[in-house]
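Novice: Count along the sequence shown from 1, then add 137; that gives the number in our numbering. Glycine included, each C-beta is placed from N, C-alpha and C at the ideal position. Computed from a predicted structure; not experimentally measured. What follows is a single structure, and I will ask about it in a moment.
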Amino acid sequence: MSSFIVSSTSTSRVNTLLVVVGFLAFATIYKLLDKRKQFEKRPPLVKYTIPWLGSAIQLGKDPDGVFKNATKAFGPVFRIKAAGREFTYITAPEIISAVYRDSKTFEFTPIRLDMSELIFGISKKSCNDMKNIDHFLKYHHEGLSAKAVHGLHQRYGPFAYDCIQNMMINFRATTITKLALFIKPPAYVAALYTFFGKTYPALESYEPFQIFDAGFLLLQTKLPRFILRKYLNAREKLTVLTEGYLTSPHEDCSDFVREMEGLVRNEKWSSRDMANFFLGDIWAFESNAIQAVYWIIALQLQRPEGLYKIIEEIDTARDSWIKNNSNVEDETHCQWILEGSFPFLTSVIQESLRFCSSVFSIRLVTREVTLGGYRIRKGDYVMCHTRSVHMDNDIHKNPTEFIPERYMGSETFTKNGRIVPNHSMPFGGGVSMCEGRHFVMGELKIFIALLLSAAHIELDPLSSERPQFQWARMGTGLMPPEGDLFIRVTRRTSTSSSR
Ligand code: HEM
């Protein structure tokens, strides 16, 4: 009995011990889990004082400062609330790259469809069809691939040449004008003709396009119609012009448009939806490219050497091509540019894109995930803020300065001793990376080389007005100028590119 009592007492002691050990183990695991949970908390929220506005005022005043200070205070993942909406921003190149790679967790398709409906006015039904038309998104992608754009560049050359020459008719004597008025219309028209042919009413569409483009961000807000009326009316004009184009003969369009049109017609959409689908393309290939030609010239003109170094490089390349191809007619007006070497101009283009772009690649989070140690919930919106990388002191020397030669050397861009392959992301990245990037790099080179072969441009010494970035447009690519430059334009006589 006593042995039983002893054994029963010892059993209960053992049990108690087991319970205590078990409890301790559980408490430790729980503590660890809890610690992990604490570690995996929501990304910090940038402080603000006015409830609905959030950080909107600070963002309006000094957007680069907001992102820089938040990264310094919280690290590369944080939330910003502005105008009633809250987004998680990512500012480190390696995390941006991880988001771009994982297109299942960080989705773009629902956002693309929302934009098609709200901004470009495509009906809900046709937007729904777009979910199942991978083949046509695939063709869109292939039609603008590095391999395919050569033909588009060769179409672009003569159109750009003609548009520039037509404009220069007005500049027989030295004339003072504003840079935007001088440079944007020919760049806009040449690109439209390249894709759609001269049957597209490009000149007529220029003004409504400017208004529609200015309302691009507002159209996504679902604000009352009376506030958006101006932009909706401009869009309507563009819809009507494009619908008219599609319903009339237009054999002079590019193969790219012909092929896309065939695929879209198979979908049996209304002619309005078809027109608005193409309006999406027109916006994509005009909106940023015309700002790019503007800033390349505007930024370089404000340097002490002005446009001199670009002109010298262009003249040398053209003369050398003519010497080596004395029996060949350059019917495209751009063969000498496509075959020439322009290290300085290429660096100026790349630097302008780094310096003037503000891209928020937006993604919808499809499952709970950890980023930079923080918990990101399903349904959150994540923004890859590529400008933070462009303005990072560790990656770029003097990032707030426009340095035309920045990309001329074989410099590798590093941070903490590691190479940063995605140090420049003006075209965004991942599934929604700009499909026009191969075309536009050639387009910009051709346009600037033809322009500076035809025109001598200098700053008007009597005007001190200088363009600033229109920060209200941050997030959508290249920021348009606020204000302008007054320039003196004279026709160049030795335009041997016109042979
Ligand atoms: C310097 C000029 C340009 C810049 C800076 C630029 C920039 C961008 C950016 C930032 C995006 C969104 C990327 C993202 O969400 O991660 C984009 C998308 C796009 N761009 Fe461009 N772009 C330019 C010119 C062009 C041109 C000339 C074309 C057409 C020929 C074009 C076609 C497109 C298309 C089709 C998309 C949508 C891709 C998609 O949704 O999957 N872009 N661009």
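(1) Which ranges would you report for the alpha helix (DSSP H) in the stretch 428-482 if only whole runs of at least 4 residues count?
(2) By a C-beta neighbour count over all protein chains shown, 10 Å radius and 16 as the cutoff for buried, is T537 buried or exposed?
(3) From E580 to G573, what distance separates their C-alpha atoms?
(4) What does the alpha-carbon distance come out to for the pair A609 and G197?
(5) Should L615 and Q428 be called a contact, given that it needs their Cβ atoms to be closer than 7 Å?
(6) Round the Cβ separation of Y185 and K218 to the nearest angstrom and send it over; I've been treating them as touching at under 8 Å.
(7) In the DSSP assignment, what are the bridge partners of T507?
(8) Specify whether the stretch 317-334 and the stretch 289-302 touch according to this definition: at least 3 beta carbon pairs, one from each stretch, less than 8 Å apart.
(9) Can you check the stretch 235-267 for any alpha helix (DSSP H) of at least 4 residues that lies completely inside it and give the ranges in chain order?
(10) Under three-state DSSP, which class holds S140?
(11) Below 8 Å on the Cβ atoms is my guess for Q227 versus V502; work out the distance and round it to an integer in Å.
(12) Where do the ends of the beta strand (DSSP E) carrying A592 lie?
(13) If F481 and K582 are in contact, beta carbons under 8 Å, what's the gap, nearest whole angstrom?
(14) Considering just the uninterrupted stretch of the alpha helix (DSSP H) at T379, what are its terminal residues?
(15) Pairing CB atoms from the stretch 590-605 with CB atoms from the stretch 409-424, are three or more of them under 8 Å?
(16) Report the residue ranges of all alpha helix (DSSP H) runs contained in full by the stretch 197-235; include only those spanning at least 4 residues, in chain order.
(17) Use the C-beta contact count for T630: other C-beta atoms within 10 angstroms, 16 or more gives buried, fewer gives exposed.
(18) In whole angstroms, what separates the C-alpha of T659 from that of V183?
(19) Where does E619 fall in DSSP's three states?
(20) Is P247 a contact residue of the ligand HEM, with contact defined as CB to any heavy atom under 6 Å?
(21) Measuring CB atoms only, is the stretch 342-350 touching the stretch 364-375, in the sense that at least three cross pairs come out at less than 8 Å?
(22) Say whether the stretch 502-512 touches the stretch 234-254, bearing in mind that this needs 3 or more beta-carbon pairs closer than 8 Å, one atom from each stretch.
(23) Locate the beta strand (DSSP E) running through H387, then write down its first and last residues.
(24) If Y511 and K205 are in contact, beta carbons under 8 Å, what's the gap, nearest whole angstrom?
(25) Any idea what DSSP makes of T523, helix, strand or coil?
(26) Let me confirm a value: L318 is counted as buried when at least 16 other C-beta atoms fall within 10 Å, else exposed. Which label applies?
(27) Three or more C-beta pairs under 8 Å: does that hold for the stretch 556-566 against the stretch 451-460?
(28) Less than 7 Å between the beta carbons of Y325 and Y337, yes or no?
(29) Roughly how many angstroms lie between the CA atoms of A592 and P322, to the nearest whole one?
(30) Find out if the Cβ-Cβ distance for the pair I433, I585 is shorter than 7 Å.
(31) Measuring alpha carbon to alpha carbon, tell me which residue in I301, A220 and P618 is nearest H470.
(32) Using a Cβ-Cβ cutoff of less than 7 Å, which residues in the same chain neighbour T112 once the five nearest sequence positions on both sides are dropped?
(33) By the DSSP assignment, the beta strand (DSSP E) with F497 in it spans what residues?
(34) May I have the straight-line CA-CA distance separating G288 from S498, to the nearest angstrom?
(35) Just to confirm the assignment, what range does the beta strand (DSSP E) spanning K275 have?
(36) How should F163 be labelled, buried or exposed, when 16 other C-beta atoms within 10 angstroms of its C-beta is the threshold for buried?
Specialist: Based on what the coordinates show:
(1) The stretch 428-482 is shown to contain whole alpha helix (DSSP H) runs of 4 or more residues at 445-461 and 472-476, in chain order.
(2) exposed
(3) 10 Å
(4) 7 Å
(5) yes
(6) 6 Å
(7) The beta-bridge partner set that DSSP reports for T507 consists of R512.
(8) Three or more pairs of CB atoms, one per stretch, sit closer than 8 Å, so the stretch 317-334 contacts the stretch 289-302.
(9) Fully contained in the stretch 235-267 are the following alpha helix (DSSP H) runs of length 4 or more, in chain order: 246-255 and 261-267.
(10) With a pLDDT of only 40 at S140, under the threshold of 50, the placement of this residue in the model should not be trusted, and no figure is reported.
(11) In the sequence as presented, Gln is not what sits at residue 227; that position holds Ile. That pair is no contact at about 12 Å.
(12) A592 to L596
(13) The C-beta distance from F481 to K582 rounds to 11 Å, too long to meet the 8 Å contact threshold.
(14) R362 to T384
(15) no
(16) 200-211
(17) Exposed: under 16 other Cβ atoms inside 10 Å.
(18) Nothing about residue 659 can be reported from this structure: the residues present for the chain run from 138 to 636 only.
(19) strand
(20) no
(21) Yes, the stretch 342-350 touches the stretch 364-375.
(22) yes
(23) Premise fails: H387 is in no beta strand (DSSP E) and is neither H nor E.
(24) With a Cβ gap of about 19 Å, Y511 and K205 do not count as contacting.
(25) Here T523 sits in helix by DSSP.
(26) That one is exposed.
(27) no
(28) no
(29) 15 Å
(30) Contact annotation: I433 and I585 have beta-carbon atoms nearer than 7 Å.
(31) I301
(32) This structure cannot speak to residue 112, because the chain is shown only from 138 to 636.
(33) S494 to V502
(34) Their Cα atoms are separated by approximately 29 Å.
(35) It is not in any beta strand (DSSP E) - K275 instead sits in the alpha helix (DSSP H) that spans D271 to G280.
(36) Annotation note: pLDDT 47 at F163 (below 50); position unreliable, coordinate value reported separately. It counts as exposed.
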